[in-house]
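Undergrad: Quick note: the sequence shown uses this note's numbering, first residue 26, plus one each step.
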Amino acid sequence: MKVLVIGSGAREHALCRSLSLDPAVTALHCAPGNAGIADVAELHQVDALDGAAVAALAAGLGAELVVVGPEAPLVAGVADAVRAAGIPCFGPSKEAARLEGSKAFAKDVMAGAGVPTARSYVCTTPAEIDEALDAFGAPYVVKDDGLAAGKGVVVTDDVEQARAHALACGRVVIEEFLDGPEVSLFAVTDGETVVPLRPAQDFKRALDGDEGPNTGGMGAYSPLPWADPKLVDEVMTSVLQPTVDELRRRGTPFSGLLYAGLAITSRGVRVIEFNARFGDPETQVVLARLETPLGGLLMASATGTLADLPPLRWSDEAAVTVVVASHNYPGTPRTGDTVEGLADVAAEDAPHAYVLHAGTRREGDAVVSAGGRVLSVTATGTDLAQARERAYAAVSRIRLDGSQHRTDIAEKAAADEGAQA
Ligand code: AMP
Ligand code: GLY
Numbered sequence: 026m027k028v029l030v031i032g033s034g035a036r037e038h039a040l041c042r043s044l045s046l047d048p049a050v051t052a053l054h055c056a057p058g059n060a061g062i063a064d065v066a067e068l069h070q071v072d073a074l075d076g077a078a079v080a081a082l083a084a085g086l087g088a089e090l091v092v093v094g095p096e097a098p099l100v101a102g103v104a105d106a107v108r109a110a111g112i113p114c115f116g117p118s119k120e121a122a123r124l125e126g127s128k129a130f131a132k133d134v135m136a137g138a139g140v141p142t143a144r145s146y147v148c149t150t151p152a153e154i155d156e157a158l159d160a161f162g163a164p165y166v167v168k169d170d171g172l173a174a175g176k177g178v179v180v181t182d183d184v185e186q187a188r189a190h191a192l193a194c195g196r197v198v199i200e201e202f203l204d205g206p207e208v209s210l211f212a213v214t215d216g217e218t219v220v221p222l223r224p225a226q227d228f229k230r231a232l233d234g235d236e237g238p239n240t241g242g243m244g245a246y247s248p249l250p251w252a253d254p255k256l257v258d259e260v261m262t263s264v265l266q267p268t269v270d271e272l273r274r275r276g277t278p279f280s281g282l283l284y285a286g287l288a289i290t291s292r293g294v295r296v297i298e299f300n301a302r303f304g305d306p307e308t309q310v311v312l313a314r315l316e317t318p319l320g321g322l323l324m325a326s327a328t329g330t331l332a333d334l335p336p337l338r339w340s341d342e343a344a345v346t347v348v349v350a351s352h353n354y355p356g357t358p359r360t361g362d363t364v365e366g367l368a369d370v371a372a373e374d375a376p377h378a379y380v381l382h383a384g385t386r387r388e389g390d391a392v393v394s395a396g397g398r399v400l401s402v403t404a405t406g407t408d409l410a411q412a413r414e415r416a417y418a419a420v421s422r423i424r425l426d427g428s429q430h431r432t433d434i435a436e437k438a439a440a441d442e443g444a445q446a
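1. Going by DSSP, what residue range makes up the beta strand (DSSP E) through Arg-387?
2. Output the boundary residues of the alpha helix (DSSP H) element that contains Phe-161.
3. For Ala-52, which residues does DSSP report across the bridge?
4. Could you tell me the distance, in whole angstroms, from the CA atom of Asn-300 to the CA atom of Val-100?
5. Which two residues bound the contiguous alpha helix (DSSP H) that contains Thr-357?
6. Output needed for Arg-424: all residues of its chain with C-beta closer than 6 angstroms, excluding positions within five of it in sequence on either side, in chain order.
7. Who are the Cβ neighbours of Gly-205 in its own chain at under 6 angstroms, not counting the five residues just before and after it?
8. Short of 6 angstroms in beta carbon distance, which residues of its chain neighbour Leu-124, apart from the five on each side in sequence? Order them along the chain.
9. Any heavy atom of the ligand GLY closer than 8 angstroms to the beta-carbon of Asn-353?
10. Tell me Lys-168's beta-bridge partners as DSSP assigns them.
11. So, at 8 angstroms on beta carbons, what are the nonlocal neighbours of Arg-172 in its own chain, with the 5 sequence-adjacent residues on each side left out?
12. With distances taken between CB atoms, is the gap from Ala-438 to Leu-283 smaller than 9 angstroms?
13. Going by CA-CA distance only, name the one from Asp-433, Ser-340, Leu-331 that's closest to Gly-281.
14. Out of Gly-34, Val-184, Val-28, which one is the CA nearest neighbour of Gly-85?
15. Give the DSSP-derived three-state secondary structure of Pro-142 in the structure shown.
16. Below 6 angstroms CB to CB, which residues in the same chain sit around Val-30 once its five sequence neighbours on both sides are set aside?
17. If we count the other Cβ atoms within 10 Å of its Cβ and call it buried at 16 or more, is Gly-356 buried or exposed?
18. With hydrogens ignored, establish whether the beta-carbon of Leu-192 is closer than 8 angstroms to any heavy atom of the ligand AMP.
19. Give the DSSP-derived three-state secondary structure of Asp-227 in the structure shown.
20. Tell me the rounded alpha-carbon separation between Val-370 and Val-208.
21. With a floor of 4 residues, list each alpha helix (DSSP H) that falls wholly inside the stretch 226 to 274, ordered by position along the chain.
22. Examine the ligand GLY and report whether any of its heavy atoms sits within less than 8 angstroms of the Cβ of Leu-227.
23. Just to confirm my understanding: we take Gly-102, look at its own chain, exclude 5 residues before and 5 after, and list those with CB closer than 6 angstroms. What are they?
24. Would you identify the three-state DSSP class for Ile-112, choosing helix, strand or coil?
25. To the nearest angstrom, how far is the alpha carbon of Ala-129 from that of Cys-194?
26. Run the CB neighbour count on Ala-157, radius 10 Å, all protein chains shown included, and call it buried at 16 or more, exposed below.
27. Considering only heavy atoms of the ligand AMP, does any lie closer than 8 angstroms to the CB of Pro-164?
28. Please report how far the alpha carbon of Cys-148 lies from the alpha carbon of Asp-159, in whole angstroms.
29. Would the beta-carbon of Asp-133 be found less than 8 angstroms away from any heavy atom of the ligand AMP?
30. Find out if the Cβ-Cβ distance for the pair Val-392, Thr-363 is shorter than 9 angstroms.
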């Protein structure tokens with residue numbers, strides 16, 4: 026099958042890497058891609074938000090499956106345009122992608138489906154905002170209703186900061202604070218059948234010890250040695266299947282990747298947010314462990330045939346990914362710096378550790394930084410401790426002026442795992 030992947034991040038590099046290892050994938054294209062994806066897929070220029078342009082590119086390439094990576098094209102209706110051209114597409118319709126595109130809509134779906142989540146108010150006026158902030162008290166959780174590239178959520182003890190963010194948002198969701206560890210669980214669905222993947226944990230804050238500002242994600246690992254083995258079954262029954270059923274009942278079936286961001290609270294599992302696409306950087310570690318060929322799985326979602334697919338196969342290995350980010354990320358990142366050491370990783374650390382590119386581009390023979398998150402260095406091992414060691418060994422070979430990365434990705438989980446062994 027000929028596959029076209031839309032997007033240009035480390036998530037898309039991970040998707041392309043796995044697709045390139047699927048014997049059923051005979052040709053792999055990516056648009057717009059990045060310097061690393063160019064090693065496994067043929068790159069094309071396209072405005073990823075322009076459905077007609079993406080559909081025309083797919084038709085021109087003879088693509089038999091289009092995989093839309095990021096949320097913005099999905100929310101803009103790119104999957105609808107591809108399907109309208111008669112090409113199977115992995116990714117939800119514009120209507121179903123509102124699950125990520127509007128937090129108020131997601132809350133409404135969860136209420137309809139009986140899915141456990143934080144109690145919340147949707148506010149549009151200063152009076153409603155003050156009432157909601159008063160009702161919940163500190164810590165305050167204030168969420169922009171719309172897509173905000175990871176910058177829409179403020180969690181703070183400072184009521185003035187909470188109010189200022191709420192007023193700046195226009196339409197805003199104010200909700201109860203959820204405590205407890207966070208888990209990302211992805212499921213592939215065709216609108217009816219739901220196939221959960223393995224849980225992962227993401228590190229959202231910029232600095233070690235969960236300090237500093239929120240980011241798109243600075244690292245991830247899987248499996249979660251501390252999590253209840255029944256977690257996936259429980260989330261399937263209480264969250265994933267009811268949400269998919271509710272969207273189908275509303276006449277807007279959701280097909281593609283349903284991402285549940287969960288808090289494991291003392292009172293049980295609660296949904297923090299839904300996303301309508303693979304998460305970045307969790308995808309890097311989840312796909313590192315998936316043994317079932319990815320192309321067939323995504324095609325089954327796109328063609329409504331997931332019920333016929335045999336159970337997924339998983340490796341017993343653990344996976345860790347560490348994000349290397351530009352100077353000043355998540356503020357305005359500095360770009361155009363040369364990335365060195367990539368060949369050393371390929372020579373010294375492969376196949377257990379490898380570099381997935383995010384914001385990179387080629388400049389002559391050099392690879393230079395072109396975004397906030399530049400690389401996602403991924404490794405597998407017999408346990409988290411080994412995967413972690415390999416990931417950081419590879420990170421230490423990368424040279425990028427002014428770059429930053431967290432040094433504590435999966436540290437605590439690896440220690441928990443050691444204590445259990
Ligand atoms: P989001 O941009 O929706 O992924 O949210 C960013 C982060 O804000 C989440 O990963 C949580 O760490 C935090 N957060 C969101 N909602 C809540 C909540 N209700 N209680 C506590 N933390 C939250
Ligand atoms: N890792 C968080 C996200 O993809 O939204």
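Don't be surprised by glycine CBs; every beta carbon is placed ideally from N, CA and C.
TA: The answer reads as follows:
1. By 1-based counting over the sequence shown, the position of residue 387 is 362. From DSSP, the beta strand (DSSP E) with Arg-387 extends over 385 to 388.
2. Position 136 of the sequence shown, counted from the start, is the residue given in the question as residue 161. 151 to 161 is the span of the alpha helix (DSSP H), which, as asked, contains Phe-161.
3. As a first step, residue 52 must be located in the sequence shown, where it is residue number 27. Lys-27.
4. Here the question's residue 300 lines up with position 275 in the sequence shown. Here the question's residue 100 lines up with position 75 in the sequence shown. About 11 angstroms.
5. Counted from its first residue, the sequence shown places residue 357 at position 332. It is not in any alpha helix (DSSP H) - Thr-357 carries neither H nor E in the DSSP assignment.
6. Position 399 of the sequence shown holds residue 424. So the qualifying residues of the chain are Glu-365, Gly-366.
7. In the sequence shown, the residue the question calls residue 205 occupies position 180. Correct list, in chain order: Ala-288, Ile-289, Thr-290.
8. Residue numbering aside, residue 124 sits at position 99 when the sequence shown is read from its first letter. Within the same chain, Leu-124 has close Cβ partners Ala-131, Phe-299, Ala-301.
9. Taking the first residue of the sequence shown as position 1, residue 353 is located at position 328. Checking the Cβ of Asn-353 against the ligand GLY gives no.
10. Residue mapping note: residue 168 aligns to position 143 of the sequence shown, counting from 1. Lys-168 is bridged to Val-178, Val-198.
11. Counted from its first residue, the sequence shown places residue 172 at position 147. Going by the sequence as given, residue 172 is Leu instead of Arg. Short of 8 angstroms from the beta carbon of Leu-172, and not among the five residues preceding or following it, lie these beta carbons of its own chain, in chain order: Glu-96, Ala-97, Val-100, Glu-125, Gly-126.
12. For the purposes of this step, residue 438 is taken as residue 413 along the sequence shown, with counting starting at 1. For the purposes of this step, residue 283 is taken as residue 258 along the sequence shown, with counting starting at 1. No, the pair does not count as a contact, with Cβ atoms beyond the cut-off.
13. Mapped onto the sequence shown, residue 281 falls at position 256. Nearest C-alpha to Gly-281: Leu-331.
14. For the purposes of this step, residue 85 is identified with residue 60 of the sequence shown, where counting begins at 1. Minimum Cα distance to Gly-85 is reached at Val-28.
15. Along the sequence shown, read from residue 1 onward, the residue named residue 142 stands at position 117. The sequence shown places Thr at residue 142, not Pro. In the structure shown, Thr-142 sits in a strand (DSSP, three-state: E or B).
16. What you label residue 30 is simply residue 5 of the sequence shown in a count that begins at 1. Only Glu-37, Leu-40, Cys-41, Cys-55, Val-92 meet the Cβ criterion.
17. Counting from one through the sequence shown, the residue named residue 356 turns up at place 331. Classification for Gly-356: exposed.
18. In the sequence shown, the residue the question calls residue 192 occupies position 167. No, the Cβ of Leu-192 stays beyond 8 angstroms of every heavy atom of the ligand AMP.
19. Position 202 of the sequence shown, counted from the first residue, corresponds to residue 227. In this structure, Asp-227 counts as strand in the three-state DSSP scheme.
20. As a first step, residue 370 is located in the sequence shown; it is residue number 345 there, counting from the start. As a first step, residue 208 is located in the sequence shown; it is residue number 183 there, counting from the start. If you take the alpha carbons of Val-370 and Val-208, they lie about 30 angstroms apart.
21. 256 to 260, 266 to 274
22. Here residue 227 is taken as the residue at index 202 of the sequence shown, counted from 1. Reading off the sequence shown, one finds Asp at residue 227, where the question assumed Leu. The answer is yes for Asp-227.
23. Counted from its first residue, the sequence shown places residue 102 at position 77. Contacts found: Gly-76, Lys-119.
24. Walking along the sequence shown from the start, residue 112 turns up at place 87. Correct three-state label for Ile-112: coil.
25. Residue mapping note: residue 129 aligns to position 104 of the sequence shown, counting from 1. Residue mapping note: residue 194 aligns to position 169 of the sequence shown, counting from 1. Each residue's Cα considered, the two are about 13 angstroms apart.
26. Here residue 157 corresponds to residue number 132 of the sequence shown, with the count starting at 1. Flag for Ala-157 reads buried.
27. Position 139 of the sequence shown holds residue 164. Pro-164 Cβ: within cutoff of the ligand AMP.
28. Taking the sequence shown and counting its residues from 1, the one referred to as residue 148 is at position 123. Taking the sequence shown and counting its residues from 1, the one referred to as residue 159 is at position 134. Their Cα atoms are separated by approximately 13 angstroms.
29. For this step, residue 133 is matched to residue 108 along the sequence shown. Answer for Asp-133: no, Cβ out of range of the ligand AMP.
30. By one-based count along the sequence shown, residue 392 stands at place 367. By one-based count along the sequence shown, residue 363 stands at place 338. Against a cut-off of 9 angstroms, the Cβ pair of Thr-363 and Val-392 comes out as a contact.
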